[in-house]
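The structure appears right after this line, and notes come after that.
2 protein chains.
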Amino acid sequence: MDKKALLEKLHAIDRECRLLERTASLLHWDLETYLPSLGVEERSEQLALLESLHHERFTSLETERLLEELGSTTDNPRGDEKLPELERDYLRRMRMDYDREEKLPLDFVTAAAKAEGVSQAAWVQARRDNNFAAFLPHLENMIDFARKRSLYWGFKNKVYDGLLDIYEPNMGVFEIASVFTPLRERLSSLLKDIAMKPEPDCSFLNDEFSAEVQSKFNMELMKYLGFNTKRGRLDISAHPFTTTLGSNDVRITTRYFPDNFLSSIFSTIHECGHAFYELNIPEEIRLSCLADGASMGVHESQSRLWENVIGRSLPFWEGLFPLLKECIPKRFDNVKAYDFYKAVNLAKPSLIRVEADEVSYCLHIILRFELEQGLFSGAIKTSELPSIWRAKMKEYLGIIPDTDSEGVLQDVHWSHGSFGYFPSYALGNLYGLQFFGKLKADISSFEDLVTKGDFLPIHDWLRDNIHKWGRRLAPGELLKKVTGEELSIDPFLNYIKEKYSKIYGI
Amino acid sequence: MDKKALLEKLHAIDRECRLLERTASLLHWDLETYLPSLGVEERSEQLALLESLHHERFTSLETERLLEELGSTTDNPRGDEKLPELERDYLRRMRMDYDREEKLPLDFVTAAAKAEGVSQAAWVQARRDNNFAAFLPHLENMIDFARKRSLYWGFKNKVYDGLLDIYEPNMGVFEIASVFTPLRERLSSLLKDIAMKPEPDCSFLNDEFSAEVQSKFNMELMKYLGFNTKRGRLDISAHPFTTTLGSNDVRITTRYFPDNFLSSIFSTIHECGHAFYELNIPEEIRLSCLADGASMGVHESQSRLWENVIGRSLPFWEGLFPLLKECIPKRFDNVKAYDFYKAVNLAKPSLIRVEADEVSYCLHIILRFELEQGLFSGAIKTSELPSIWRAKMKEYLGIIPDTDSEGVLQDVHWSHGSFGYFPSYALGNLYGLQFFGKLKADISSFEDLVTKGDFLPIHDWLRDNIHKWGRRLAPGELLKKVTGEELSIDPFLNYIKEKYSKIYGI
Chain A
59 MDKKALLEKL HAIDRECRLL ERTASLLHWD LETYLPSLGV EERSEQLALL
109 ESLHHERFTS LETERLLEEL GSTTDNPRGD EKLPELERDY LRRMRMDYDR
159 EEKLPLDFVT AAAKAEGVSQ AAWVQARRDN NFAAFLPHLE NMIDFARKRS
209 LYWGFKNKVY DGLLDIYEPN MGVFEIASVF TPLRERLSSL LKDIAMKPEP
259 DCSFLNDEFS AEVQSKFNME LMKYLGFNTK RGRLDISAHP FTTTLGSNDV
309 RITTRYFPDN FLSSIFSTIH ECGHAFYELN IPEEIRLSCL ADGASMGVHE
359 SQSRLWENVI GRSLPFWEGL FPLLKECIPK RFDNVKAYDF YKAVNLAKPS
409 LIRVEADEVS YCLHIILRFE LEQGLFSGAI KTSELPSIWR AKMKEYLGII
459 PDTDSEGVLQ DVHWSHGSFG YFPSYALGNL YGLQFFGKLK ADISSFEDLV
509 TKGDFLPIHD WLRDNIHKWG RRLAPGELLK KVTGEELSID PFLNYIKEKY
559 SKIYGI
Chain B
59 MDKKALLEKL HAIDRECRLL ERTASLLHWD LETYLPSLGV EERSEQLALL
109 ESLHHERFTS LETERLLEEL GSTTDNPRGD EKLPELERDY LRRMRMDYDR
159 EEKLPLDFVT AAAKAEGVSQ AAWVQARRDN NFAAFLPHLE NMIDFARKRS
209 LYWGFKNKVY DGLLDIYEPN MGVFEIASVF TPLRERLSSL LKDIAMKPEP
259 DCSFLNDEFS AEVQSKFNME LMKYLGFNTK RGRLDISAHP FTTTLGSNDV
309 RITTRYFPDN FLSSIFSTIH ECGHAFYELN IPEEIRLSCL ADGASMGVHE
359 SQSRLWENVI GRSLPFWEGL FPLLKECIPK RFDNVKAYDF YKAVNLAKPS
409 LIRVEADEVS YCLHIILRFE LEQGLFSGAI KTSELPSIWR AKMKEYLGII
459 PDTDSEGVLQ DVHWSHGSFG YFPSYALGNL YGLQFFGKLK ADISSFEDLV
509 TKGDFLPIHD WLRDNIHKWG RRLAPGELLK KVTGEELSID PFLNYIKEKY
559 SKIYGI
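Note that the protein sequences, when read in sequence, are chains A and B. Mapping of the first sequence onto this note's numbering: residues 59 to 564, in sequence order. Mapping of the second sequence onto this note's numbering: residues 59 to 564, in sequence order.
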């Protein structure tokens with residue numbers, strides 16, 4: 059068979075696998091948004107079935123045979139040198155995904171999927187009841203599955219390296235710790251400086267805003283940012299997320315707390331950032347293993363760039379404030395855009411990661427990274443987590459949660475075994491500001507455009523420099539291509555220091 | 059291997075197939091409710107993939123081997139006589155489903171699924187544009203697929219028999235025509251008598267009712283009828299439907315026309331009737347091929363019993379009217395329950411089947427049955443459909459649609475190849491009134507219960523006499539078991555004549 063026919067066969071298998079993944083994503087999306095409460099049990103069974111079908115199809119002997127015939131091996135994943143660059147990038151990803159997936163036995167995949175469903179349900183209950191002990195056996199089970207997964211795959215130095223690698227290829231404990239340690243020190247120190255200054259006035263946000271009012275504004279907001287609602291939607295879920303159900307079907311969610319209007323606004327902007335990445339994946343790699351972000355960290359660079367660098371900037375609120383006043387008459391009559399800008403940049407240690415400000419956010423992540431590291435090295439026992447959590451919160455943020463629900467039980471990730479995921483959130487901040495440096499150099503009128511709400515040139519730049527690559531490049535390769543640099547904490551720290559020094563008069 | 063182990067293996071395959079079917083149902087439900095408009099194309103591809111996976115799994119050699127080892131053959135589908143009755147009923151259904159499904163080549167199944175998606179989209183457009191010619195090639199394609207399907211299966215006398223049998227086992231053209239012909243004559247005659255009498259006053263319904271107001275009332279209504287919202291939900295779609303996504307996840311939809319409040323009320327009651335059937339499938343047959351209604355006709359007997367026999371009765375509105383007045387203050391201050399009862403029973407020929415009254419409804423169905431019969435016998439050419447539609451509307455109902463959108467293009471069924479489905483709707487009316495005769499004989503306080511809104515004894519009776527059987531019995535067997543009778547048009551006609559003679563003073 060000629061190479062073209064072989065590639066076509068491989069693409070067909072890959073396409074089926076992606077269709078199955080996206081069907082599973084719909085099952086998940088519905089679970090988080092509309093599923094009747096008693097429907098959860100069978101939904102878990104549906105998800106486990108799709109996962110096993112995907113595994114069987116993807117790791118079939120046919121996939122292996124096609125990869126080999128195309129010259130793609132573990133040592134030479136890009137295959138035959140005569141193939142077009144796109145196909146060689148494609149083969150590299152397929153080989154890496156195949157090598158990872160085929161090491162897991164089908165029984166293991168199915169058992170893990172089922173246990174994750176049960177564990178997540180137990181977590182929801184335990185968090186509601188503030189009962190860490192009830193969640194403990196499930197957490198241990200999840201750690202056990204994660205450890206086995208890493209052992210199946212093999213890892214550089216530590217078990218935890220194998221898990222980190224899923225979300226951020228080529229970043230292990232050593233690499234991450236070497237950026238997180240200085241980051242922690244400098245953010246902690248800045249947070250202490252800020253604490254000495256008076257807080258901005260946020261009293262105009264202390265009002266109640268009904269879900270209807272918030273929903274109306276958030277719908278306008280997503281359109282204002284340039285989200286084409288023929289290609290996606292905004293719904294409500296307990297935890298905001300973005301999911302891709304099709305090349306033209308990318309959905310985001312938010313939530314409406316009557317006493318915290320900002321929460322919905324910034325989670326909508328954040329998820330729009332993820333959605334723009336997914337919606338800009340080019341036609342030529344759609345429904346293939348390349349149709350995704352370069353890594354979770356790079357994905358997060360997009361969401362946090364929109365949420366913070368754009369969404370929490372003064373030009374942004376100068377542009378958006380009239381729309382806010384129009385959607386919600388009277389409430390903000392005596393407020394100026396600059397006051398609003400200061401209020402949305404309140405920097406103050408708080409208990410919940412997803413509501414944290416830009417300065418303290420990374421500290422929440424670093425705490426979780428250190429705990430995960432300890433769990434997998436054996437230095438921390440699972441039962442000790444609540445007390446170590448409190449101790450680290452005190453040390454890094456100066457506050458201690460009253461309950462485990464506001465502490466170690468707050469995040470969903472561990473409940474479904476996603477260990478190694480958290481660091482991506484902080485890496486996203488770093489990548490984001492490195493990309494942003496280049497973006498601002500290329501688009502000199504950036505601030506004017508943001509004030510006008512004219513985001514098209516920004517969308518174009520992000521698409522042409524970042525999104526269009528999908529998963530063709532590893533995160534480090536992409537960073538190098540766009541900025542010419544290696545990973546660095548400086549652009550992020552400089553941005554934070556400059557912005558907050560001004561706001562707080564430090 | 060012993061019989062028990064063989065059965066377990068067969069049940070496991072069946073369970074997987076049902077899980078796949080229900081996953082596909084979610085893809086469909088989402089397509090009709092929340093899918094962004096540009097997501098349709100990939101959604102069709104996802105549906106076609108699931109359909110082919112289902113087909114492959116269900117028609118695997120392993121299924122055939124297990125059925126044979128359990129003694130189930132085409133001639134002796136119930137298998138080994140020593141097995142429990144439930145398992146023998148189960149084997150009968152599995153064998154029938156297997157025999158039907160394995161006759162279809164995988165290529166055919168996949169091609170049909172893809173073509174159906176395209177055809178349905180073309181129909182939506184054609185109906186919007188009132189352009190039958192644009193839909194014609196797709197319709198011909200769908201007829202061609204249906205014809206081939208029937209040829210693959212084999213049929214009693216006519217190609218159309220093979221299609222009718224999918225929805226109503228053991229009912230062919232001859233059996234259906236022999237009840238439809240007298241039904242048509244007697245309903246047409248009654249409709250003429252009614253037309254001579256003055257119409258009831260419906261002026262209080264001419265008001266506009268916003269979607270919010272209607273939605274609020276419909277949510278209350280489903281709970282009033284006894285729908286447990288932990289096991290299902292109500293959403294909005296262009297065409298009301300019920301779908302089962304899990305044993306504890308049965309969803310219904312309705313639609314809100316500001317100028318037709320009754321439309322949403324009666325479609326909600328109708329779909330609740332379907333949902334109650336699905337929700338009452340007993341534990342022991344869940345997620346098996348028995349977990350469904352006996353036939354589409356029997357399913358429709360439940361929806362139309364709730365919608366019409368209960369939902370359009372005087373006791374029902376005497377009970378519900380206070381709730382309606384509470385939900386929608388002031389609008390009905392000067393209206394009495396009896397006036398409302400008369401208004402919801404307006405009998406008057408109209409163009410659209412789903413909005414038709416109880417007297418004329420079956421005439422819409424009989425028209426479609428006659429057209430389908432002609433299409434598959436060759437007596438009617440596809441291009442002649444619009445003109446024959448108009449001629450038959452004139453003959454049976456005395457009115458003619460101005461446009462094809464209100465005529466031959468109004469229903470979705472043909473667009474996705476569901477020929478042979480329509481007759482179930484009329485059969486449902488007949489079954490429903492036969493069942494109802496027994497229900498009223500068993501529950502002497504029926505009218506009191508309905509007035510009080512105490513539906514529990516009615517739910518129990520329907521569950522214990524009809525729903526609990528799932529697909530264990532064929533429609534005729536179920537009818538015999540419940541009523542001791544064969545299919546008859548008399549109970550339905552007697553009910554209609556008695557009710558409408560009173561309302562119209564004939």
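Each residue gets a CB set at the ideal place from its N, CA and C atoms; glycine is no exception. Just so we're clear, the structure is a prediction, and the values are computed from it rather than from any experiment.
query	result
Is the distance from the Cβ of T81 (chain B) to the Cβ of L108 (chain A) below 8 Å?	yes
Check each residue of the segment 76-104 of chain A: if its Cβ is closer than 8 Å to any Cβ of chain B, include it; give the result in chain order.	L77, L78, R80, T81, L84, L85, D88, Y92, L93, P94, S95, L96, G97, E99, E100, R101, E103 and Q104
I'd like to confirm the pairing. Which residues does DSSP put opposite I294 (chain B) in its beta bridges?	B:T312
Contact check, D138 (chain A) vs R530 (chain A) under 8 Å by CB: the rounded distance?	The pair is not a contact, with the Cβ atoms about 17 Å apart (cut-off 8 Å).
For the 8 Å Cβ check, are there 3 or more pairs between the segment 158-175 of chain B and the segment 95-109 of chain B?	yes
Taking the alpha helix (DSSP H) that L85 (chain B) falls in, what are its first and last residues?	K61 to T91
So with CB distances below 7 Å, who are the chain A contacts of S74 (chain B)?	Here the sequence assigns Glu to residue 74 (chain B), which means Ser is not the residue at that position. Within chain A, the residues near E74 (chain B) are L107.
Within 8 Å (strictly less), CB to CB, does L303 (chain B) reach chain A?	yes
If you measure from the beta carbon of T287 (chain B) to each beta carbon in chain A, is any gap under 8 Å?	yes
Quick one: Cα of L421 (chain B) to Cα of Y454 (chain B), how far?	7 Å
Is the number of C-beta pairs between the segment 429-440 of chain A and the segment 200-220 of chain A that are closer than 8 Å three or more?	yes
Between N306 (chain A) and chain E, is the shortest Cβ-Cβ distance under 8 Å, so that the two count as touching?	No chain E appears in this structure, whose protein chains are A and B.
Contact criterion: CB-CB distance below 8 Å. Does G230 (chain B) meet it with respect to chain A?	no
Taking the C-alpha atoms as reference points, what is the distance between Y396 (chain B) and S273 (chain A)?	41 Å
For the segment 330-371 of chain A, list the alpha helix (DSSP H) runs that are entirely contained and at least 4 residues long, ordered along the chain.	354-362
Between which two residues does the alpha helix (DSSP H) holding G432 (chain B) run?	Y419 to S435
Residues in the same chain with beta-carbon distance under 7 Å from P72 (chain A), minus the five sequence neighbours each way, listed in chain order, please.	The question names Pro, but residue 72 (chain A) is Asp in the sequence shown. These residues qualify, in order along the chain: M152, S346 and C347.
Of the residues that make up the segment 147-160 of chain A, which ones have a beta carbon closer than 9 Å to any beta carbon in chain B?	none
Residues in its own chain within less than 6 Å of H474 (chain A) by CB, not counting five upstream and five downstream?	E174 and Q178
Tell me, to the nearest whole angstrom, how far the beta carbon of I524 (chain B) is from that of F494 (chain B); I am working on the premise that it is less than 8 Å.	Wrong, their Cβ atoms sit about 11 Å apart, outside the cutoff.
Shortest alpha-carbon distance to G284 (chain A) belongs to which of A:Q468, A:G465 and A:I327?	A:I327
Below 8 Å between beta carbons: does that hold for L248 (chain B) and V367 (chain B)?	no
Is there contact here, the segment 61-70 of chain A with the segment 258-271 of chain B, by at least three beta-carbon pairs under 8 Å?	no
So for D202 (chain B), helix, strand or coil by DSSP?	helix
Given E543 (chain B), which residues of its chain have a CB within under 7 Å of its CB, disregarding the five upstream and five downstream residues?	Q492 and L537
Whole angstroms are fine: how far does the CA of W519 (chain B) sit from the CA of R158 (chain B)?	33 Å
Just tell me which of B:I310, B:I547, B:I501 and B:L551 has its CA closest to the CA of H86 (chain B).	B:I310
Applying the criterion that 16 or more other CB atoms from any shown protein chain within 10 Å of the CB defines a buried residue, is Q431 (chain B) buried or exposed?	buried
Can you tell which of B:A191, B:L194 and B:D202 has the C-alpha that lies nearest to the C-alpha of F477 (chain B)?	B:D202
For D462 (chain B), I'd like the list of residues in its chain whose CB is within less than 7 Å of its CB, leaving aside the five on either flank, ordered along the chain.	N188, F190 and P444
Decide if T132 (chain B) is buried, meaning its Cβ has at least 16 other Cβ atoms within 10 Å, or exposed.	exposed
I'd like to know if G175 (chain A) contacts chain B, where contact means its C-beta is closer than 8 Å to some C-beta of that chain.	no
Do G304 (chain A) and E114 (chain B) have their C-beta atoms closer together than 8 Å?	no
With a threshold of 6 Å on Cβ separation, who are the neighbours of I234 (chain B) within its own chain once the five nearest residues in sequence on each side are excluded?	P481
For G495 (chain A), which residues in chain B fall below 8 Å Cβ to Cβ?	Simply none; closest approach about 34 Å.
Any idea what DSSP makes of T168 (chain A), helix, strand or coil?	helix
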